[in-house]
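Novice: Attaching a single structure in structure tokens format; questions to follow.
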Amino acid sequence: MKKLCRLTLWLPLLATGAYAVEPLVYEANWRGAIITLHSANAGSINAVRFFAQLSDQILLDTEVSVEGVVNDVEVADLDDNGFPEVYAFVTAAGSGSYGSVIAFASNRNLSMTAIHQMGLPPDSPALVGYRGHDRFRVLGRMVERRFPVYLPGDTNANPTGGIRRLAYELQAGEAGWLLTPQF
-17 MKKLCRLTLW LPLLATGAYA VEPLVYEANW RGAIITLHSA NAGSINAVRF FAQLSDQILL
43 DTEVSVEGVV NDVEVADLDD NGFPEVYAFV TAAGSGSYGS VIAFASNRNL SMTAIHQMGL
103 PPDSPALVGY RGHDRFRVLG RMVERRFPVY LPGDTNANPT GGIRRLAYEL QAGEAGWLLT
163 PQF
């Protein structure tokens, strides 16, 4: 796994559980490819601008609307094919602080396409005790998702069931890229 750049933003929590308003500006250079990401992070819904360019070739130029703020960005090569992916980790406003991933993968540095995060079935044992507060990061060749586990009777501010970690692997799908949970 070849990883070039990591930017972690530590944003103070407000009393409501939402993140403070802090704009995000991220830039990385991956073997000559310039990857930038911009988000105002100004409210509960934000536009996130992704741009990637290699020499004069534009690989990606898109804007995505997200519910929440981007709190971390990583450029990595999870499938070890020599081409980058960009992962933006989003935390929703509200007491649950539910997390999500917005990501794009390079198609041999000719273009970049969306990576879709596969959800877990609602009855999955991995979601027992889940109430949000997700955090994501690239760890080795996986995206790790971790969250506190709530036991019956726990308040939202006091989970007592420990931390659950789930791993997602990047896989080529039939018509695109997938982040698939591994059990």
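Heads up, the sequence shown is in this note's numbering, so the first residue is -17 and it goes up one at a time.
Idealized CB from N, CA, C, for every residue including glycine.
Computed from a predicted model, the values in this text were never measured in an experiment.
Of the residues Gly50, Tyr8, Leu109, Ala15, which one's Cα is nearest the Cα of Met94?
Specialist: As a first step, residue 94 is located in the sequence shown; it is residue number 112 there, counting from the start. Considering only alpha carbons, the answer is Ala15.
Novice: Look at Phe86 and Val110 and say whether their C-beta atoms are less than 9 angstroms apart.
Specialist: Within the sequence shown, the letter at position 104 stands for residue 86. Within the sequence shown, the letter at position 128 stands for residue 110. Result no, Cβ atoms of Phe86 and Val110 do not sit closer than 9 angstroms.
Novice: Quick one, are the C-beta atoms of Gly50 and Tyr80 less than 9 angstroms apart?
Specialist: The residue given as residue 50 occupies position 68 in the sequence shown. The residue given as residue 80 occupies position 98 in the sequence shown. Yes, Cβ-Cβ distance for Gly50 and Tyr80 is below 9 angstroms.
Novice: Runs of 3 residues minimum, wholly inside the segment 99 to 147: which ones carry the beta strand (DSSP E) assignment?
Specialist: Segments of the beta strand (DSSP E) lying fully in the segment 99 to 147: 117 to 121, 124 to 130.
Novice: What residues are listed by DSSP as bridge partners for Phe71?
Specialist: Taking the sequence shown and counting its residues from 1, one reaches residue 71 at position 89. In DSSP, Phe71 forms a bridge with Asp54, Val83.
Novice: Could you check if Phe165 is buried or exposed, using at least 16 other CB atoms within 10 Å of its CB as the buried criterion?
Specialist: Working through the sequence shown from its first residue, we reach residue 165 at position 183. Classification of Phe165: exposed, given that the 10 Å Cβ count is below 16.
Novice: Beta-carbon within less than 6 angstroms of Glu9's beta-carbon, same chain only, minus the 5 sequence neighbours each way: which residues are those?
Specialist: As a position in the sequence shown, residue 9 is number 27, starting the count at 1. Counting only Cβ-Cβ distances below 6 angstroms, and skipping sequence neighbours, we find Thr18.
Novice: What is the rounded straight-line gap between the Cα of Leu148 and the Cα of Arg128?
Specialist: Taking the sequence shown and counting its residues from 1, one reaches residue 148 at position 166. Taking the sequence shown and counting its residues from 1, one reaches residue 128 at position 146. Rounded to the nearest angstrom, the two C-alpha atoms are 6 angstroms apart.
Novice: Quick one: measure Cβ to Cβ for Phe71 and Asp59, integer angstroms, because I've assumed they're closer than 8 angstroms.
Specialist: Here the question's residue 71 lines up with position 89 in the sequence shown. Here the question's residue 59 lines up with position 77 in the sequence shown. Rounded, the Cβ-Cβ distance is 17 angstroms, inconsistent with contact.
Novice: For Glu45 versus Arg119, is the C-beta distance shorter than 9 angstroms?
Specialist: One-based indexing of the sequence shown puts residue 45 at position 63. One-based indexing of the sequence shown puts residue 119 at position 137. Going by C-beta atoms, Glu45 is not nearer than 9 angstroms to Arg119.
Novice: If distances are taken between C-alpha atoms only, which option among Asn89, Leu152, Ile40 comes closest to Leu121?
Specialist: As a first step, residue 121 is located in the sequence shown; it is residue number 139 there, counting from the start. Nearest C-alpha to Leu121: Leu152.
Novice: Between the C-alpha atoms of Asn63 and Ala157, what's the straight-line distance to the nearest angstrom?
Specialist: Within the sequence shown, the letter at position 81 stands for residue 63. Within the sequence shown, the letter at position 175 stands for residue 157. Going by the C-alpha atoms only, they are around 18 angstroms apart.
Novice: Out of Ser47, Phe33, His98, Pro130, point me to the one whose CA is closest to Leu160's CA.
Specialist: Position 178 of the sequence shown holds residue 160. Looking at the Cα atoms, His98 is the closest of the given residues.
Novice: Excluding the 5 residues flanking Ile84 on each side, which residues of the same chain have their C-beta closer than 7 angstroms to its C-beta?
Specialist: Start at 1 with the first residue of the sequence shown, and residue 84 comes out as number 102. Hits under 7 angstroms: Val30, Val46, Val48, Ala70, Val72.
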